[in-house]
Amino acid sequence: MPPKISIIIPSYNEEKNISRCLDSVLNQTFTDFEVLCVDDGSTDKTFDIIKKYSEKDGRIIPMKNPEKGVSSARNFGIDNSKGEYIGFVDSDDFIQPQMYEFLYRALTENNCDFSVCRYEKTGEIKEKTFEYKTEKFSPENFISFTDSDFNSNNELIFSSACTKLISKKFLGETRFEKFKIGEDTVFNSEIYSNSNSYIFVNSELYTYYVNTESVSFTELWHEKWFDLLETRFISYDLLKRKNETLSSFYLERGMKFLLSYRFNLKGSPNEKRFKKPLKKFFKKYIMPFMKCKSISYRNKLTIPVFFLIPPLYKLFRKMTDKTL
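All residue numbers for the sequence shown refer to my numbering, where the first residue is 443 and numbers rise by one.
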């Protein structure tokens with residue numbers, strides 16, 4: 443019989459972390475699953491480690507991604523999966539033992555398209571025990587237009603693929619778009635726009651390890667960050683007739699990234715390449731942005747002014763040492 447759940451783990455040069463990840467998956471209280479470990483062209487010992495795990499536990503399936511990138515690796519995993527339900531884990535992360543037991547139970551008991559859990563950002567491994575409890579899932583409960591820290595601590599609940607268990611039948615032909623960054627946002631926006639049936643497990647079952655080597659704003663001219671900008675506007679378009687709060691959140695995020703990207707593009711190798719696309723985005727989305735009821739008057743005033751008059755934004759950054 444095919445497994446109930448297919449867990450897809452894309453991996454690239456994660457020899458230091460992949461064992462921690464696989465151990466947490468194999469330690470699940472729910473055991474009827476397969477683990478599709480899709481290697482994305484690693485040049486270290488990642489794939490060798492995965493093969494050794496597969497020799498000890500037949501549920502682990504080593505795979506080589508014929509293309510390149512996390513999106514194609516996840517899509518390759520979906521296309522080769524045999525389970526009724528699909529889950530995703532990043533190879534440098536860790537999941538709590540009850541994660542798939544709770545997500546599967548919530549999804550099947552409530553006959554939903556997908557289930558969602560909380561997550562924790564941490565740098566330490568600590569197994570925990572949780573009480574099973576579910577409630578209606580409303581992405582807007584994890585969004586604030588005034589508190590950026592609140593968004594930072596909650597955004598992955600609704601924007602990450604890893605906090606979810608998804609019915610493969612419902613997923614259908616939906617796949618990850620091949621962006622360098624921000625692909626999760628578009629993928630999640632698609633499933634939200636296609637579903638009215640999802641459930642929330644109110645427990646921190648997914649452990650997200652923060653990369654301490656974060657990218658500074660001075661590097662935001664890089665082309666991959668243009669993908670992050672574009673995915674926010676795509677998500678807005680997907681959700682604007684489905685969820686006003688969530689679509690407004692992505693519209694505001696898109697405009698803020700637009701401003702930051704314009705500021706950091708000045709004098710960069712990609713200045714000529716992206717100058718016209720930035721202006722095109724601004725022209726297309728400025729009116730929906732100004733008309734959006736959820737966005738503050740302050741941002742409606744400052745973001746367009748700073749975009750059109752970059753020296754003012756430069757002065758603002760210098761005086762406050764902040765970004766919008």
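Idealized CB from N, CA, C, for every residue including glycine. Computed from a prediction, not measured in an experiment: that's the story for all the values here.
Beta-carbon contacts of F659 that lie in its chain and below 8 Å, excluding the five residues immediately before and after: Working through the sequence shown from its first residue, we reach residue 659 at position 217. In this prediction, F659 scores a pLDDT of 41, lower than 50, which makes its location untrustworthy; the coordinate-derived value is nonetheless stated afterwards. The answer, listed in chain order, is S702, N706 and T765.
Just mark D499 as buried or exposed, buried being the case when its beta carbon has 16 or more other beta carbons within 10 Å. For the purposes of this step, residue 499 is identified with residue 57 of the sequence shown, where counting begins at 1. The C-beta of D499 has fewer than 16 other C-beta atoms within 10 Å across all chains shown, which makes the residue exposed.
Looking at the structure shown, is F796 part of a helix, part of a strand, or coil, going by DSSP? Any question about residue 796 goes unanswered here, given that the chain covers just 443 to 766.
Would S533 and P452 be called neighbours here (beta carbons separated by less than 9 Å)? As a working note, residue 533 is residue 91 in the sequence shown. As a working note, residue 452 is residue 10 in the sequence shown. Yes, Cβ-Cβ distance for S533 and P452 is below 9 Å.
Do three or more CB pairs link the stretch 476-494 to the stretch 587-598 at distances below 8 Å? Contact between the stretch 476-494 and the stretch 587-598 is not established, with fewer than three Cβ pairs separated by less than 8 Å.
Let's test the definition: count the other Cβ atoms within 10 Å of the Cβ of E551 and tell me whether it reaches 16, buried, or not, exposed. Here residue 551 refers to the residue found at position 109 of the sequence shown. Counting other Cβ atoms within 10 Å of its Cβ, E551 stays below 16 and is therefore classed as exposed.
Contiguous beta strand (DSSP E) assignments of at least 3 residues, all confined to the stretch 451-523: The qualifying runs are 475-481 and 502-506.
Over the uninterrupted beta strand (DSSP E) stretch that includes Y648, give me the two end residues. Translated into the one-based positions of the sequence shown, residue 648 becomes position 206. First-last of the beta strand (DSSP E) with Y648: Y640 to Y650.
Whole angstroms are fine: how far does the CA of R759 sit from the CA of F600? Reading the sequence shown from its first residue, position 158 is the one you call residue 600. Reading the sequence shown from its first residue, position 317 is the one you call residue 759. Each residue's Cα considered, the two are about 30 Å apart.
Are the beta-carbon atoms belonging to S738 and L688 less than 9 Å from one another? Counting from one through the sequence shown, the residue named residue 738 turns up at place 296. Counting from one through the sequence shown, the residue named residue 688 turns up at place 246. Taking 9 Å as the Cβ cut-off, S738 and L688 do not qualify as a contacting pair.
Distance, M443 Cα to E655 Cα: Walking along the sequence shown from the start, residue 655 turns up at place 213. Walking along the sequence shown from the start, residue 443 turns up at place 1. Low per-residue confidence applies at E655: pLDDT is 47, beneath 50, and the placement is therefore not dependable, though the value from the model is reported in the following sentence. Annotation: E655 to M443 spans about 44 Å, alpha carbon to alpha carbon.
Can you give me the Cβ contacts of C479 inside the same chain, cut-off strictly under 7 Å, excluding the 5 residues immediately before and after it? Here the question's residue 479 lines up with position 37 in the sequence shown. Around C479: I451, S453, I492, I502, I503, P504 and M505.
Rounded to the nearest angstrom, what separates K698 and I745 at their Cα positions? Taking the sequence shown and counting its residues from 1, the one referred to as residue 698 is at position 256. Taking the sequence shown and counting its residues from 1, the one referred to as residue 745 is at position 303. The alpha-carbon of K698 is positioned some 7 Å away from that of I745.
Where does the unbroken beta strand (DSSP E) through K721 begin, and where does it stop? Position 279 of the sequence shown holds residue 721. Counting along the chain, K721 sits inside no beta strand (DSSP E); it lies in the alpha helix (DSSP H) bounded by residues E713 to K733.
Through-space distance from L607 to S637, alpha-carbon basis: Here residue 637 corresponds to residue number 195 of the sequence shown, with the count starting at 1. Here residue 607 corresponds to residue number 165 of the sequence shown, with the count starting at 1. C-alpha separation (whole angstroms): 14 Å.
Is the beta carbon of T616 sitting closer than 9 Å to the one on V558? Against the sequence shown, residue 616 aligns to sequence position 174. Against the sequence shown, residue 558 aligns to sequence position 116. Here T616 is not near V558, since their CB atoms are 9 Å or more apart.
Please report how far the alpha carbon of S594 lies from the alpha carbon of T473, in whole angstroms. One-based indexing of the sequence shown puts residue 594 at position 152. One-based indexing of the sequence shown puts residue 473 at position 31. Annotation: S594 to T473 spans about 32 Å, alpha carbon to alpha carbon.
Residues bridged to S771 [DSSP beta-bridge criterion]: A question about residue 771 goes unanswered here, because the residues of the chain that appear run from 443 up to 766.
On the three-state DSSP scale, how would you describe T673? Position 231 of the sequence shown holds residue 673. The DSSP-derived three-state label of T673 is helix.
In three-state terms, what does DSSP make of F621? The sequence position of residue 621 within the sequence shown is 179, counting from 1. Residue state for F621 is assigned as coil, using DSSP reduced to three classes.
Roughly how many angstroms lie between the CA atoms of D521 and S514, to the nearest whole one? Taking the first residue of the sequence shown as 1, we reach residue 521 at position 79. Taking the first residue of the sequence shown as 1, we reach residue 514 at position 72. D521 and S514 have their C-alpha atoms roughly 10 Å apart.
Please state if the CB of F675 and the CB of Y634 are separated by a distance shorter than 9 Å. Your numbering for residue 634 matches position 192 in the sequence shown. Your numbering for residue 675 matches position 233 in the sequence shown. Not closer than 9 Å, so no.
Coarse secondary structure for Q760, derived from DSSP in three states: Reading the sequence shown from its first residue, position 318 is the one you call residue 760. For the sequence presented, residue 760 should be read as Lys rather than Gln. The answer is helix: DSSP assigns K760 an H, G or I state.
Cβ distance (whole Å) where D669 is taken to contact I623 below 8 Å: Taking the first residue of the sequence shown as 1, we reach residue 669 at position 227. Taking the first residue of the sequence shown as 1, we reach residue 623 at position 181. Indeed they touch by this definition, with Cβ atoms about 5 Å apart.
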